[in-house]
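Enquirer: Counted the way full-length UniProt numbering counts, the sequence shown spans residues 1 to 606.
Note that beta-carbon positions come from the ideal geometry of N, C-alpha and C, so glycine has one too.
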Amino acid sequence: MTYQPIQDYGIIGDMHSAALVGTDGSIDWLCFPHFDSPSVFAAILDDEKGGRFKIAPASEGAARKQLYWPDTNVLITRFFTPDGVGEVIDYMPVGVPDNEHGYHQLVRRVRVVRGEMSFRVECSPAFDYAREEHGTEVTDEGACFRSPGLSLGLATRVPLEESAGSAVAEFTLDEGEAAVFVLREIEAGAGCGLSLSEKEEEKLFKQTVEYWRRWLSKCTYAGRWREVVQRSALALKLLTFESTGAMVAAPTMGLPEGVGGERNWDYRYTWIRDAAFTLYGLLRIGFTEEAAAFMGWIEARCKDSASDGSLQLMYGLDGRHDLTEETLDHLDGYRGSRPVRLGNGAYDQLQLDIYGELMDAVYLYNKHGGPISYDLWTRLRVLVNWVCDNWQREDEGIWEVRGGRRHFVYSKLMCWVAVDRGLRLASKRSFPADRERWLEVRDEIYEEIMDRGWSPERNAFVQSYDDDTLDASNLIMPLVFFLSPNDPRMLGTLDATNRPPRDGGLVANSLVYRYDVEKSADGLAGEEGTFSLCTFWLVEALTRAGRVDEGRLMFEQMLGYANHLGLYAEEIGHSGEALGNFPQAFTHLTLISAAFNLDRALGKSS
1 MTYQPIQDYG
11 IIGDMHSAAL
21 VGTDGSIDWL
31 CFPHFDSPSV
41 FAAILDDEKG
51 GRFKIAPASE
61 GAARKQLYWP
71 DTNVLITRFF
81 TPDGVGEVID
91 YMPVGVPDNE
101 HGYHQLVRRV
111 RVVRGEMSFR
121 VECSPAFDYA
131 REEHGTEVTD
141 EGACFRSPGL
151 SLGLATRVPL
161 EESAGSAVAE
171 FTLDEGEAAV
181 FVLREIEAGA
191 GCGLSLSEKE
201 EEKLFKQTVE
211 YWRRWLSKCT
221 YAGRWREVVQ
231 RSALALKLLT
241 FESTGAMVAA
251 PTMGLPEGVG
261 GERNWDYRYT
271 WIRDAAFTLY
281 GLLRIGFTEE
291 AAAFMGWIEA
301 RCKDSASDGS
311 LQLMYGLDGR
321 HDLTEETLDH
331 LDGYRGSRPV
341 RLGNGAYDQL
351 QLDIYGELMD
361 AVYLYNKHGG
371 PISYDLWTRL
381 RVLVNWVCDN
391 WQREDEGIWE
401 VRGGRRHFVY
411 SKLMCWVAVD
421 RGLRLASKRS
431 FPADRERWLE
441 VRDEIYEEIM
451 DRGWSPERNA
461 FVQSYDDDTL
471 DASNLIMPLV
481 FFLSPNDPRM
491 LGTLDATNRP
501 PRDGGLVANS
511 LVYRYDVEKS
521 ADGLAGEEGT
531 FSLCTFWLVE
541 ALTRAGRVDE
551 GRLMFEQMLG
561 YANHLGLYAE
571 EIGHSGEALG
581 NFPQAFTHLT
591 LISAAFNLDR
601 ALGKSS
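(1) The alpha helix (DSSP H) spanning residue 413 covers which residue range?
(2) For chain D, check one thing: does any of its Cβ atoms lie closer than 8 Å to the Cβ of residue 570?
(3) Using DSSP's beta-bridge definition, name the partner residues of residue 468.
(4) List in chain order: all unbroken alpha helix (DSSP H) runs of 4+ residues lying wholly within the region 143-225.
(5) Can you tell which of 291, 600, 5 and 80 has the C-alpha that lies nearest to the C-alpha of residue 43?
(6) Inspect the beta-carbon positions of residue 607 and residue 122 and report whether they are closer than 8 Å.
(7) For the putative contact between residue 262 and residue 339, defined by C-beta atoms under 8 Å, what is the C-beta separation to the nearest angstrom?
(8) In angstroms, rounded to a whole number, what distance separates the CA positions of residue 238 and residue 250?
(9) Tell me whether residue 412 is buried or exposed, calling it buried when 16 or more other Cβ atoms sit within 10 Å of its Cβ.
(10) Among 346, 392, 404 and 362, which residue has its Cα nearest to the Cα of residue 426?
(11) By Cβ distance below 6 Å, which residues in the same chain neighbour residue 398 in space, the five residues on each side in sequence not counted?
(12) What whole-angstrom Cβ distance do residue 45 and residue 254 have, given they're in contact under 8 Å?
(13) Considering residue 347, what are the terminal residues of the beta strand (DSSP E) in which it resides?
(14) Of all the options 490, 422, 54 and 151, which has the alpha carbon lying nearest to the alpha carbon of residue 455?
(15) Is residue 110 closer than 8 Å to residue 86 when the C-beta atoms are compared?
(16) Residue 21 to residue 10, Cα distance in whole Å?
(17) Is residue 209 near residue 196, with beta carbons less than 8 Å apart?
(18) Look at the alpha carbon of residue 165 and the alpha carbon of residue 105, and state the distance between them as a whole number of angstroms.
(19) Hey, how far is the Cα of residue 125 from the Cα of residue 419?
(20) Quick check on residue 532: does DSSP put it in helix, strand or coil?
(21) Mark residue 99 as exposed unless 16 or more other C-beta atoms lie within 10 angstroms of its C-beta, in which case mark it buried.
(22) Report, in whole angstroms, the separation of the C-beta atoms of residue 385 and residue 434, which I expect to be a contact under 8 Å.
(23) Extract the residue ranges of the alpha helix (DSSP H) inside the UniProt domain "Trehalase-like N-terminal" (4-142), only unbroken runs of 4 or more that lie entirely within it.
(24) Under a three-way DSSP split, which group does residue 438 fall into?
(25) Answer with buried or exposed for residue 488, where buried requires no fewer than 16 other C-beta atoms within 10 angstroms of its C-beta.
(26) Where do the ends of the alpha helix (DSSP H) carrying residue 354 lie?
(27) What is the residue span of the alpha helix (DSSP H) that residue 299 lies within?
(28) Counting Cβ pairs closer than 8 Å, one from the region 588-595 and one from the region 276-287, do we hit at least three?
(29) From residue 28 to residue 252, what distance separates their C-alpha atoms?
(30) Out of 75, 59, 71 and 58, which one is the CA nearest neighbour of residue 65?
(31) For residue 220, does the count of other Cβ atoms within 10 angstroms reach 16, so buried, or fall short, so exposed?
(32) Which whole runs of the alpha helix (DSSP H) in the region 477-558 are 4 residues long or more, in chain order?
(33) Using CA coordinates, which residue listed in 358, 288 and 327 is at the minimum distance from residue 608?
(34) Mapping the DSSP letters down to three states, classify residue 446 as helix, strand or coil.
(35) Which residues mark the beginning and the end of the alpha helix (DSSP H) in which residue 376 is found?
(36) Considering only residues of the same chain and omitting the five flanking positions on each side of residue 177, which have a CB-CB separation below 8 Å?
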């Protein structure tokens, strides 16, 4: 089996689902019609039976490049041979009225721009994570694939043949010629009538390009690294579920944090934890509509909270609660990384930090977006009271460990943030609140963190109470205004973290590990890569501490680890390879925040 490196993929989407397109012209991941629907193509999780949609030169050895159509999420994969230059333009139409063409479709336009080139196309769906059989019917207008749960039509004027459930063809194009393939959902009981005209496709293309350019024009960021920030913004928009305003943590599942290991998770859901970072990132660069939509999703979750005010740490895109985890043992996993997990068993963990992130998000939105309602405040007040009653409990923490609950310092920190932001909101808006109790609890949390979360021996804050293990999540302390960036304890934590692992730190070649997996029992076997969002946290912590040159160098080095399109997975491996689900929203959100604050600091110093 041959698997492409994770970093060799680009992403296209329509804010309902997303597809990964490899530099070899193969779509190896697509869930249809939504991010968390069962997969149709999943060759990235099983090269043999996962399913793919590949269009590539018929002969081997072509050089390959990928780029985005300027200021859009339209992807171009180019092939170079001695006889000619060809390209595949991939996109999922957006900005198209529902009654005109339907919303969920994938378009692949193949064209030759110099000389001539022969292509081979292979469309091999494997429905329901390769668990459902399907029938294939080839017609003069394309092919239809029918399974019990979903039927798809592939419209094209290229003559196709059926082969073992796939639709295949070879065709040759001369300079200036093009062929188009459109994959879309069809009615289960309908015939296989598929229509496609070049004018229709050209209209879809223009509408899609115009949509993305019009959307990106709202970006107010004009500082250094503008193209990097804009690409991150475009990626984040792709990961937004338009129907509810929620944002998936990543559009993929099962991509390993260590190749061959078991740290393989389903990220196609929305984490409460991401809320503050999402709103901060979007508001900072001018995307107020997206921030408002996400705020609407948060408000809906608050109204749907338990009677005591508690929340789950993650939800389905539609707000559903049950994300029961199962393993897909029939899939080989990316390069043999098993098990492949569907659903996420961490959904019912206790993670106390989510309340701080949520309250910080609401506070930021009330400050920079729009005033929150009294009805939402009544739910938030119950939530803050729940934190006051429960902050002393042990929990599984931000990293969702499966090795038992502990008193994680980051969890206590974010409980402090939850109560602090509740007090600030109540004061700012003159909302009724249990101020005396909240003040007392806020101070109690603060002093306990200083007493039990601080290690005089390490001269740093540690992962959990009465421990000596470092954790990169503590870098966020100055970002949430718990400590001054120049507080001696914060500077000590910075220095301790910013040492190589062999010297007890967490930084290797400017890349930051979450924690030392050998010293911190997280209940899982194997190793993992450096955690990209933690690197951007360190950049921002250094910047706020006035160590701007250090922060800038680390930021620039980190930019060198993006893939050829400016996209990041969750982690980076020993050889600079991408690891984990891809692309990861959290990484791109923290990139935007780090770039914004670093650029502002550099502006002041120049």
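Expert: On the basis of the data shown:
(1) First-last of the alpha helix (DSSP H) with residue 413: 409-429.
(2) In the structure shown, chain D cannot be found, because there is only a single protein chain.
(3) Paired residues: none, contrary to the question.
(4) 198-216
(5) Measuring from the Cα of residue 43, the nearest candidate turns out to be 5.
(6) Shown here, the chain extends from 1 to 606; a query on residue 607 therefore has no answer.
(7) 7 Å
(8) Each residue's Cα considered, the two are about 10 Å apart.
(9) buried
(10) 362
(11) Closer than 6 Å at Cβ, skipping near neighbours: 353, 410 and 473.
(12) 5 Å
(13) From DSSP, residue 347 is part of no beta strand (DSSP E); its letter is neither H nor E.
(14) That would be 490, whose Cα lies nearest to the Cα of residue 455.
(15) Closer than 8 Å, so yes.
(16) Between the C-alpha atoms of residue 21 and residue 10 there is a straight-line separation of about 5 Å.
(17) No, the pair does not count as a contact, with Cβ atoms beyond the cut-off.
(18) 21 Å
(19) 50 Å
(20) Residue state, collapsed to three classes: helix.
(21) With a pLDDT of 44 at residue 99, under the threshold of 50, the predicted position of this residue should be treated as unreliable, though the coordinate-derived value follows. Result: exposed.
(22) 7 Å
(23) 98-101 and 127-130
(24) It is helical.
(25) Per the 10 Å Cβ criterion, exposed.
(26) 354-368
(27) Run containing residue 299: 288-303, per the alpha helix (DSSP H) assignment.
(28) In short, these stretches touch, since the Cβ pair count reaches three.
(29) 11 Å
(30) 75
(31) The residue in question, residue 220, is exposed, as its Cβ has fewer than 16 Cβ neighbours within 10 Å.
(32) 488-497 and 532-544
(33) The structure shown does not extend to residue 608, since the chain is modelled only from 1 through 606, so no value can be given for it.
(34) helix
(35) 374-390
(36) 111 and 112
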